[in-house]
Amino acid sequence: MSDPEKPATIDFSPASLDRLFQAHRSEFDRDLADAHNDTGREAVRIKWLGRKQGKLALYSSGYMQQAPSPDAKKEVGRRFNELKQHVESRLEGLASGSQSETAAGEAAIDVTLPGMRRRPGAEHPLIKTMHEIVAVFEAMGYSIGVGPEVETDYYNFESLNFPPNHPARDTQDTLLIAGQEAKPLRERLLMRTHTSPVQMRTMERQPPPVRIVIPGKVHRNDAADATHSPIFHQVEGLCVDENITFSDLKGTLDHAMKALFGSAVKTRFFPSFFPFTEPSADVQISCIFCGGSGCRKCKQSGWIELLGCGMVDPAVFAFAAQKQPAYDAGKISGFAFGMGVERLAMMKYGVSDIGQFYSGDVRFLEQFG
Ligand code: DAH
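Note that my numbering gives residue 223 to position 223 of the sequence shown, counting from 1, and the numbers run on in steps of one.
Spelled out as structure tokens, the structure:
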């Protein structure tokens with residue numbers, strides 16, 4: 001192909017001028033197509049439009065000098081102007097796509113372009129549910145407490161009346177922290193299996209009366225399936241004062257369930273067992289899907305089991321009394337409860353696979369916005 005450095009090869013007939021300028025145009029188009037960012041495009045601009053060494057400048061002086069006649073000059077000039085217009089408009093077109101050039105050549109922001117839209121975030125459904133539960137108790141005068149996820153055997157089990165080797169420990173398959181064997185059992189660290197240890201931590205810190213809710217994360221060595229996850233969340237509650245009775249427990253939880261699931265919901269209390277409460281109960285609510293007539297969700301029973309509760313066992317008060325003597329089971333009484341946040345959220349929002357909460361899938365999460 002011809003080049004301004006070798007003007008002797010140029011044939012100034014219109015046909016070969018057309019071929020020549022078409023070749024230049026294609027070369028420029030290829031250069032531009034190969035430039036993938038601003039730096040690349042700037043290099044193309046300098047290569048073609050540079051004032052002294054730019055290709056257009058060289059073509060202009062080279063071809064004009066070589067043109068054998070005024071007519072040939074005219075033919076060259078016309079094609080040259082077309083090529084220059086093409087080069088300039090392609091480079092300019094790209095520049096105004098993102099930024100425009102000021103007279104001084106600095107990049108300026110085009111304020112007429114639409115802004116970048118940031119999509120609004122949404123509270124995670126588990127956090128949202130946890131906040132809703134906590135808010136119901138806050139409205140009844142409860143305060144909020146938290147505690148550590150890495151817990152000692154003493155707070156997670158022993159002080160809650162799970163003695164060493166007691167079979168009740170088997171109901172909470174525990175993740176132990178490695179390398180604890182040299183310590184006495186009560187000091188050994190584990191991942192808390194429930195939020196109940198914060199009951200004891202709270203009582204050790206403050207004498208009665210106590211009304212507290214404790215939201216938090218808990219860990220168990222459970223295999224993940226549609227309804228289990230080795231990490232999940234609970235909200236614990238504890239109320240201790242003079243003359244607290246089982247009626248207070250029933251009234252409080254009945255109100256909480258109505259506040260969370262609607263005033264038509266009924267509750268019933270079934271005898272159960274937890275080492276730290278006596279008596280203990282499982283709370284069932286009338287099925288929110290069928291209203292109690294029986295459906296697949298409630299296995300035709302009309303009831304759904306939702307949380308555990310009971311009157312604080314005097315043995316638990318005895319452990320608290322080692323630090324706070326006011327926890328004298330002869331003078332005070334109390335109730336406690338604990339509920340799984342995932343289970344409540346799954347019911348409330350009709351989620352059938354617990355794994356959805358941890359998937360990070362925006363299509364799932366954005367539905368709670
Ligand atoms: N900690 C129990 C569990 O994780 C739940 C529970 C039951 C908590 C009864 C309580 C309670 O405070 O009174 O299975």
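Where a beta carbon is used, it is the ideal one built from N, C-alpha and C, also for glycine.
Quick test of the definition: if touching needs 3 or more C-beta pairs under 8 angstroms, does the segment 261 to 271 touch the segment 215 to 226? no
Cα-Cα separation, K331 to S352: Rounded to whole angstroms, the gap between the alpha carbons of K331 and S352 is 46 angstroms.
Which ranges would you report for the alpha helix (DSSP H) in the segment 15 to 40 if only whole runs of at least 4 residues count? Within the segment 15 to 40, no complete alpha helix (DSSP H) run reaches 4 residues.
Is it the case that the Cβ atoms of M191 and H219 are separated by a distance below 7 angstroms? yes
My output table needs one value for T152: the three-state DSSP class, helix, strand or coil. strand
Alpha carbon to alpha carbon, what distance is there between D361 and A168? 37 angstroms
Got a sec? Which residues, its chain only, sit under 6 angstroms from C239 by beta carbon, not counting five neighbours each side? R211, G334, F335
Using DSSP's beta-bridge definition, name the partner residues of G340. Note: G340 sits in a beta bridge opposite Q234.
Please report the distance separating the alpha-carbon of C295 from that of E181. Spanning the alpha carbons of C295 and E181 requires a straight line of approximately 50 angstroms.
First and last residue of the alpha helix (DSSP H) that includes K299? Taken as a continuous stretch (DSSP letters only), K299 belongs to no alpha helix (DSSP H), as it is neither H nor E.
Quick one: what does DSSP say S333 is sitting in, helix, strand or coil? strand
State yes or no: is the C-beta of C309 nearer than 6 angstroms to some heavy atom of ligand 3? In the structure on display, ligand 3 does not appear, and the ligands it does have are ligand 1.
Residues bridged to Q199 [DSSP beta-bridge criterion]: Bridge partners of Q199: none, in fact.
Grouping DSSP H, G and I as helix and E and B as strand, with all else coil, what is L306? strand
So V87 packs on L49, CB below 8 angstroms; how close in whole Å? 7 angstroms
Would you report the Cα separation of M130 and P279, rounded to the nearest angstrom? Rounded to whole angstroms, the gap between the alpha carbons of M130 and P279 is 27 angstroms.
Minimum C-alpha distance to V76 - residue among V198, I10, G237, G251: I10
Going by C-alpha distance, which of M257, R25, A315, A329 is nearest S89? The shortest C-alpha separation from S89 is found at R25.
Roughly how many whole angstroms lie between the Cα atoms of A57 and T39? So the two alpha carbons sit approximately 22 angstroms from each other.
Going by DSSP, what residue range makes up the beta strand (DSSP E) through P271? 267 to 274
Only counting the same chain, and skipping five residues up and downstream in sequence, which positions put a Cβ closer than 7 angstroms to that of R201? G147, Y155
Residues in its own chain within less than 7 angstroms of E366 by CB, not counting five upstream and five downstream? If we look at E366 and ignore the five residues flanking it on each side, its Cβ neighbours are A122.
Looking only at its chain, what residues have a beta carbon closer than 8 angstroms to the beta carbon of G350, apart from the 5 residues adjacent to it on each side? Scanning its chain for C-beta atoms nearer than 8 angstroms, with the 5 sequence neighbours on each side dropped, one finds no residue around G350.
What is the rounded straight-line gap between the Cα of T252 and the Cα of E305? Taking the straight line joining both Cα atoms gives about 17 angstroms.
Rounded separation between S13 and A72 - CA only: Those two C-alpha atoms are separated by around 8 angstroms.
Using the three-state DSSP reduction, which class does A8 fall into: helix, strand or coil? Since pLDDT at A8 reaches only 46, below the 50 mark, its modelled position is unreliable, and no value is offered.
Coarse secondary structure for H219, derived from DSSP in three states: Of the three classes helix, strand and coil, the one that applies to H219 here is strand, per DSSP.
Measuring only the C-alpha atoms, how far is K297 from F269? 19 angstroms
Quick check on the burial criterion: 16 or more other C-beta atoms within 10 angstroms. Buried or exposed for T277? buried
Beta carbon of L185, beta carbon of P164: below 7 angstroms? yes
Quick one: using the 10 Å Cβ neighbour count with 16 as the cut-off for buried, is Q379 buried or exposed? Given that the chain is displayed from residue 1 to residue 369, the structure contains no residue 379 and the question cannot be resolved.
For C309 and R363, what's the separation of their Cα atoms in angstroms? 36 angstroms
Cβ-heavy atom distance, S196 to ligand 1, below 6 angstroms: yes
Limits of the unbroken beta strand (DSSP E) element including T277: 277 to 286
For L190, which residues does DSSP report across the bridge? E151, L176
Regarding A336 and ligand 1, is the C-beta to nearest heavy atom distance less than 6 angstroms? yes
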